[in-house]
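Residue numbers (our numbering): 148 to 342.
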């Protein structure tokens, strides 16, 4: 009856408010964090084309290189698996790119597990597992900042996000709002498993 309709309306309004607040938080966090000294710089994976990083991945790698050269960490971790039919992983393409830019091989770690942010950061946490609460600077696109930081916390990393210099489209902010809204409710691990 009437009471059920009122409950539904209240629920719908609360759900819309939750998503709206999340959108504002996602948008507000696009500036990321200011970098501090860390155990490692982590480059989240993005597309590569037959071993060549895509423009998105290149801008992430360039930002990581900048942080490395400024002395924020002695290790860069490249992450990302391969898509169907790829000869190279995103992580390997990133490794090769940074090596070509003069980063010594011993300063590079490659994490090829991970088709999404959760899997990439969980595998990185495993890689750095010998350190107590490993601190990482996570490099990704601005719109990704809030989710990357929350996932880092969920997998046991002390993560600060240092985004690339690009801007975020409205569409990417909307998609990210959906991912954060659901991830906060279900947990990012479950969201990753659903994907």
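Even for Gly, the Cβ is constructed at its ideal location relative to N, Cα and C.
Keep in mind the model is a prediction, meaning the values are calculated, not measured.
Using only alpha-carbon positions, find the residue among 218, 208 and 266 that is nearest to residue 246. For residue 246, the nearest C-alpha among the options comes from 208.
Evaluate residue 248 with the Cβ neighbour count: other Cβ atoms within 10 Å of its Cβ, from every protein chain shown; 16 or more gives buried, anything less gives exposed. With fewer than 16 other Cβ atoms within 10 Å, it is exposed.
Assuming contact is defined by CB atoms lying nearer than 8 Å, are residue 277 and residue 311 in contact in what I supplied? Cβ atoms of residue 277 and residue 311: not closer than 8 Å.
According to the neighbour-count rule (16 or more other Cβ atoms, all chains shown, within 10 Å of its Cβ), is residue 274 buried or exposed? Buried, by the Cβ-count rule.
Would residue 264 and residue 204 qualify as a contact pair, given that the criterion is a beta-carbon distance under 8 Å? no
Boundaries (first-last residue) of the alpha helix (DSSP H) holding residue 177: Taken as a continuous stretch (DSSP letters only), residue 177 belongs to no alpha helix (DSSP H), as it is neither H nor E.
When the distance is taken between beta carbons, is residue 187 closer than 8 Å to residue 251? Contact: no.
Taking the alpha helix (DSSP H) that residue 314 falls in, what are its first and last residues? Unbroken run through residue 314: none, as it is neither H nor E.
Look at the alpha carbon of residue 227 and the alpha carbon of residue 318, and state the distance between them as a whole number of angstroms. 23 Å
Own chain, CB closer than 6 Å to residue 225, minus 5 neighbours either side, in chain order: 190, 238, 241, 242 and 257
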